[in-house]
Amino acid sequence: MIKFLDLYKINKEHEEEIKVAIDRVLESGWYILGEENKNFCSNFAKFCGVKHCIGTANGLDALSLIIKAYGFSEGDEIIVPANTYIASILSISENGCTPVLVEPDINTYNINPDLIEEKITSKTKAIMVVHLYGEAVKMNKILEIAKKYNLKVIEDCAQAHGAKDNGIRVGALGDAAAFSFYPGKNLGALGDAGCITCNDDDLAKKIEALRNYGSHIKYQNLYKGVNSRLDEMQAGILDVKLKHLDEDNLKREKIAKIYLENIKNPKITLKKNALGEFNVWHVFPVLVQDRDDFQKYLTENGVQTVIHYPIPPHKQEAYREFNHLSLPITEKIHKEIISLPISQVMSEEDAYEVCRIVNSY
Ligand SMILES: *Cc1c(COP(=O)(O)O)cnc(C)c1O
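Start counting the sequence shown at 708; every next residue gets the next number (our numbering).
Given below as structure tokens:
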């Protein structure tokens, strides 16, 4: 069977170095907010090209903490793509703000910058962009709109570690950015983890406290904070894997290139103009009209696939207030999209085999 994502193999590649990091933490006797955290966050900030990186417990908390730090709450609106993983939208609701959903561009699957301005009201406080499936959002127009209306730009980088727009890494494109290091992401921990990146000194300082009970100095609480910290073990492991991130992303691109050049089946729609430093191929999405049948066929032929995602956020039970909305492009994507196997440990042979099977469908 060709696995969708072989996490065991991915981490096994760095077994020796990971074990050294784990051992170092064990021996240090210090497990939360210590040297490993400082070291990884400093390296990740450098990698992204920003001044600050603050570790959090996961990606959803990272997004939510940015909104909390800006003080956005009840009555404030935040623009967000309708086509995203639900966490982006949950981070807005969690703070009592109203998510304002915007349709994607059918070619990139990312938010359509031309549809943002019409959604802006006197209550709009921020635009959240999501670099979905590994592809960096083209930021030019969005940054212009944000400037014109004095809005913050928040990046959800959970699927795009290392991707660039205009030569600048995601995480450094807006006012503040959230990353997830969930095991299956391009940079994945061996558990839950996340972080926030930004250049704003005051914001970074506030988030540092907010994620630690609202406290800089033990038992002195400035804010009503939360507990969402990156632990030493995960920080040590992430620092090992960060060193290989660019090379891992290039290996993913190699697989993507094989798919793009060799999948020739009129029933399958591939992404166009998708190769380049703006795309780190978190997943390899294709559109197919009879998706369930296609997935069944692939499973029967030994190719594991995953659907990102089967139900759009506005059609979820949790968002009953949005169930009536008609977002045809988002709905089409959720109905037809399916992700083929891709990762840094996938062999080129397997990629050619997937092409052969997909072409015989
Ligand atoms: C994974 C993901 C998140 C949430 O990250 P967690 O670490 O799982 O909380 C947020 N947004 C997007 C787009 C994601 O893919």
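Backbone N, C-alpha and C define an ideal beta-carbon position, used for all residues, glycine too.
DSSP places Phe-779 outside both helix and strand once states are collapsed to three, so it counts as coil. Counting C-beta pairs with one atom in each stretch, the segment 748-759 and the segment 899-914 have three or more that are closer than 8 Å, which means they touch. Taking all protein chains in view, the Cβ of Gln-996 is surrounded by fewer than 16 other Cβ atoms within 10 Å, so the residue is classified as exposed. Of all C-beta pairs linking the segment 991-1005 to the segment 843-862, fewer than three are shorter than 8 Å, placing the two stretches out of contact. Burial is judged here by how many other beta carbons sit within 10 angstroms of a residue's own beta carbon; Gln-927 has fewer than 16 and is exposed. Of the other Cβ atoms in all chains shown, fewer than 16 fall within 10 Å of the Cβ of Arg-1063; this residue is therefore exposed. Per DSSP, the continuous beta strand (DSSP E) segment holding Leu-808 begins and ends at 805-809. Considering only Arg-1027, Tyr-1026, Val-993, the residue with the shortest C-alpha distance to Thr-1012 is Val-993.
In this structure, the C-beta of Val-837 approaches ligand 1 to less than 8 Å from one of its heavy atoms. Spatial neighbours of Ala-916 in its own chain (CB-CB distance under 7 Å, excluding positions within 5 residues in sequence) are listed in chain order as Ser-922, His-923, Leu-929, Tyr-930, Gly-932.
In the same chain as Ile-1044, and ignoring 5 residues on each side of it, the C-beta atoms closer than 7 Å to its own belong to Pro-992, Leu-994, Ile-1014, His-1015, in chain order. Put simply, the segment 792-799 does not touch the segment 809-821. Fewer than three CB pairs are less than 8 Å apart. Its Cα nearest to that of Glu-1056, the residue Tyr-966 stands out among Tyr-966, Leu-945, Pro-1020, Tyr-1068. Given a length threshold of 3 residues, each whole run of the beta strand (DSSP E) inside the segment 899-946 is given here in chain order: 901-905, 922-924.
Within the segment 982-1048, the complete beta strand (DSSP E) segments of 3 residues or longer fall at 991-995, 1044-1047, listed in chain order. Taken through DSSP and simplified to helix, strand or coil, Lys-961 comes out as helix. Collapsing the DSSP output to three states places Lys-979 in coil.
Between the segment 723-730 and the segment 940-951 there are three or more inter-stretch CB-CB distances shorter than 8 Å, so the stretches are counted as touching.
About 12 Å separates the beta carbons of Val-837 and Pro-806, which is beyond the 8 Å limit, so they are not a contact pair.
Annotation for Ala-843 indicates a beta carbon at 8 Å or more from all heavy atoms of ligand 1. With contacts defined as CB atoms closer than 9 Å, Gly-898 and Gln-866 fail to qualify as a contacting pair. Distance from the CA of Asp-955 to the CA of Asp-882, rounded to the nearest whole angstrom, comes to 27 Å. Exclusion of the five residues before and after Ile-813 leaves Ile-1036 as the residues of its chain whose Cβ lies within less than 6 Å of its Cβ. For Ser-1067, there is no enclosing alpha helix (DSSP H), as DSSP marks it with neither H nor E. For Phe-754, the enclosing alpha helix (DSSP H) begins and ends at 742-755. Going by C-alpha positions, Gly-803 is about 34 Å away from Glu-743. Short note on Phe-888: C-beta closer than 8 Å to some heavy atom of ligand 1.
Between ligand 1 and the CB of Asp-863, the shortest heavy atom gap is smaller than 8 Å. Across the structure, Leu-982 and Lys-716 are spaced so that their CA atoms are roughly 25 Å apart.
Contact between the segment 830-846 and the segment 869-885 is present, with at least three C-beta pairs closer than 8 Å. Classified as buried, Ile-785 has 16 or more neighbouring CB atoms from the shown chains inside 10 Å of its CB. Nearest to Ile-914 by C-alpha distance, out of Tyr-777, Asp-783, Leu-1032, is Tyr-777.
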